[in-house]
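Residue numbers (UniProt numbering), protein chains in the order written: chain R, 1 to 395; chain D, 1 to 370.
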């Protein structure tokens, strides 16, 4: 019966089953050991993140008191911009932490075990344009079930890019280096519009009015984000600047635009970082892709194997791992998506050793290597052809 | 995150409008989430209380004085609150009666908790909770309280930590200087193991209208160490003319219910249970296949395990509170099939009926909107 192409490995079915059992053992053992210190970790992290966000916004406001028009000793554009940059960095880092280490993992139900009513996957809403319930569907269900399966996993090239030679080439891909940069800058907007339904409308399978409720739902969330960053915070600053402008010759409009620009930079900073980390998860050299036929009747062991071969880690220090939402442990995240992320660093060596014992590759390298090859692949695959990773996969 | 706002004092309209605007700065969170960074007691999206004092009443019972957050609504003596406590990283909710009267000037209230053998949460409260800790609390709830105006002559019958609602009532009546003629029969293991023992005895001496009868169950003779009608006649001959407020273990409450029912006075007996009193499970109770429709999940359940537990064991996390059938946080709709209410033993089999999953078990196959 076995005429289908097997997974690209040198293992028998029995060996794959045993591999799956060993992986299960790591998973359940770690789940068992969760406790108070994990709870303190996430609570402290949330506290730190919210403090950073608030502080960042206040520092941006504070920098307005250094505008040249004030005329005091410290006033001047350089000092204004330096202090403002500090605020932007704080705010940007807070947004990165919120999106990646907090919300992404909360929405994966990694913290549902605490039963804390405040930290639940079904009620958490995150600081980005995509409504969390929509994202949970396209990410948790589609992407994590069908990791790197062509025509199933929407994240393979996000519908606009060719990330593996197995996707047939078409002329539109010639523009993909441009898409790459655009998506990097507008990642937040891209994620919000990352919906199968929208692809269906573009390709004529659905009508505009069919997806109107969905677009309204997304629209409400986008409006909330835009209103906060580009109306409320700049608006309040301008409102305060209005009476002051009678004494200090500085237009409230400039103040408004400065704060709005600062918030935009913080958002873009988060966009670029999230894009880099996430693209390093599945698109660097040495990552495998699969066909639907290869996943038919997949066993638990085979599923684990596909996650291992289809993901890539980034090496770095503890702070780097936190800032990347532990997606630098993309392999562990894909093997155990609902294990709380602060435990990925401790399971990583066990997973790596397990892969090694079975002679399987464990794709882990520095950010520069992973992002570099992702970018080079993007350029290469804009043109026909390209090379797939070696089969069978060996360590 | 968007947990229902505790409805405390009716918020003023301008305040509601102001917070709607300030929430736009905090989207998708609320201003309250940032206010919480400064002081958890100022939040409005959920309510915390700060532990300001702990005091051991007996070797295994402790009174915890709590300062509630700004949305607090004063309780009526006898009411209880839900308390959320994290133990080993997991959040648990339990219900405790408020033991202080609402007439306190410092805005604090107390709960008095007895450590139960094997009770994870009561152990944590009695032994580990420290002054300065913040714990999530709910608003006062419950129908076990004295009527506001109409004068009743109460008879309190309490046992062990069942003293707490009666204590709140007595303290409140004294604070209001309107204590009617009151008889209090209290069961405790022995003299030095009586919660509020010294205060009760002092009240008995100082208050002309308050009559305390202590029954020390470890010291009294075998035939006098538990409730009997003869004992009641002896300690409170006019019990038929009084309104009885009782709180204690199920066996005591069952005996009281029998006595008052036989006297045809059931409406004068008011009971507060600390734990759901389950009807005996018939031997022919069968479980069945439980379908959690919203989660698209099917599991097998026996006829004894409550459905909340079944859902949790299946990996779901339905909303819940007291786990004893009083707070109705876990209410869900029965879509089809049959469940048994573990307290009464009654079957619920009408589609669309509200089911409290924490006190119901499967009785054959059923489908729930969870």
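The beta carbon of each residue, even a glycine, is placed where N, CA and C say it ideally should be.
Everything numeric in this text was worked out from a predicted model, so none of it was measured.
Reduced DSSP category for residue i - H, G, I as helix; E, B as strand; rest coil
i: residue 55 of chain D; result: strand
i: residue 88 of chain D; result: coil
i: residue 313 of chain R; result: strand
i: residue 367 of chain R; result: helix
i: residue 39 of chain R; result: helix
i: residue 271 of chain R; result: helix
i: residue 8 of chain R; result: coil
i: residue 367 of chain D; result: strand
i: residue 58 of chain R; result: helix
i: residue 75 of chain R; result: coil
i: residue 196 of chain R; result: helix
i: residue 1 of chain R; result: Note that residue 1 of chain R scores a pLDDT of 39, beneath 50, so its modelled location is shaky and nothing firm can be said.
i: residue 201 of chain D; result: helix
i: residue 454 of chain D; result: Lying outside 1 to 370, the shown extent of chain D, residue 454 of chain D is not represented and no answer is given.
i: residue 390 of chain R; result: coil
i: residue 82 of chain D; result: strand
i: residue 263 of chain R; result: helix
i: residue 362 of chain R; result: coil
i: residue 351 of chain D; result: coil
i: residue 187 of chain D; result: strand
i: residue 42 of chain D; result: helix
Strand pairing of residue i, partner residues [DSSP]
i: residue 289 of chain D; result: D:300
i: residue 243 of chain D; result: D:154
i: residue 341 of chain D; result: D:360
i: residue 98 of chain D; result: D:111
i: residue 343 of chain R; result: Paired residues: none, contrary to the question.
i: residue 66 of chain D; result: D:51 and D:109
i: residue 248 of chain D; result: D:273
i: residue 217 of chain D; result: Beta-bridge pairing links residue 217 of chain D to no other residue.
i: residue 61 of chain D; result: D:58 and D:114
i: residue 141 of chain D; result: D:80
CB contact check: residue i to chain R, cutoff 9 angstroms
i: residue 292 of chain D; result: no
i: residue 311 of chain D; result: no
i: residue 27 of chain D; result: yes
i: residue 123 of chain D; result: no
i: residue 96 of chain D; result: no
i: residue 24 of chain D; result: yes
i: residue 349 of chain D; result: no
i: residue 213 of chain D; result: no
i: residue 102 of chain D; result: no
i: residue 306 of chain D; result: no
i: residue 317 of chain D; result: yes
i: residue 221 of chain D; result: no
Nearest residue (CA-CA) to residue i, options the options
i: residue 346 of chain R; options: R:27, R:227, R:139 and R:20; result: R:27
i: residue 280 of chain R; options: R:39, R:186, R:165 and R:373; result: R:373
i: residue 50 of chain D; options: D:20, D:23 and D:84; result: D:84
i: residue 353 of chain R; options: R:7, R:23, R:17 and R:9; result: R:23
i: residue 312 of chain R; options: R:333, R:299 and R:61; result: R:333
i: residue 274 of chain R; options: R:343, R:52, R:155 and R:185; result: R:185
i: residue 177 of chain R; options: R:377, R:389, R:395 and R:390; result: R:377
i: residue 269 of chain R; options: R:7, R:320, R:93 and R:213; result: R:93
i: residue 272 of chain R; options: R:35, R:96 and R:124; result: R:96
i: residue 37 of chain D; options: R:6, R:62, R:47 and R:31; result: R:47
i: residue 153 of chain D; options: D:42, D:35, D:316 and D:184; result: D:184
i: residue 80 of chain D; options: D:40, D:140 and D:359; result: D:140
Closer than 9 angstroms to chain D by CB, residue i
i: residue 386 of chain R; result: no
i: residue 151 of chain R; result: no
i: residue 142 of chain R; result: no
i: residue 120 of chain R; result: yes
i: residue 50 of chain R; result: yes
i: residue 117 of chain R; result: yes
i: residue 58 of chain R; result: no
### Cβ-based contacts, 7 angstroms cut-off: residues of the segment 32–47 of chain R near chain D
34, 35, 36, 38, 39 and 47
#### Entry: Contacting positions in the segment 38–67 of chain D - beta carbon closer than 8 angstroms to chain R
46
### Task
May I ask you to list, following chain order, the residues of the segment 226–256 of chain R that have a beta carbon less than 7 angstroms from some beta carbon of chain D?
227, 228, 232 and 233
### Query
What residues in the segment 214–226 of chain R have a beta carbon less than 8 angstroms from any beta carbon of chain D?
221, 224 and 225
### Message
At a CB distance below 8 angstroms, what residues from the segment 102–115 of chain R approach chain D? Give them in sequence order.
### Response
112, 113, 114 and 115
### Query
Just by C-beta distance, which residues in the segment 124–137 of chain R are closer than 8 angstroms to chain D?
124, 125, 126 and 127
### Task
Please name the residues in the segment 68–92 of chain D whose beta-carbon is closer than 7 angstroms to at least one beta-carbon of chain R, in chain order.
86, 88, 89, 90 and 91
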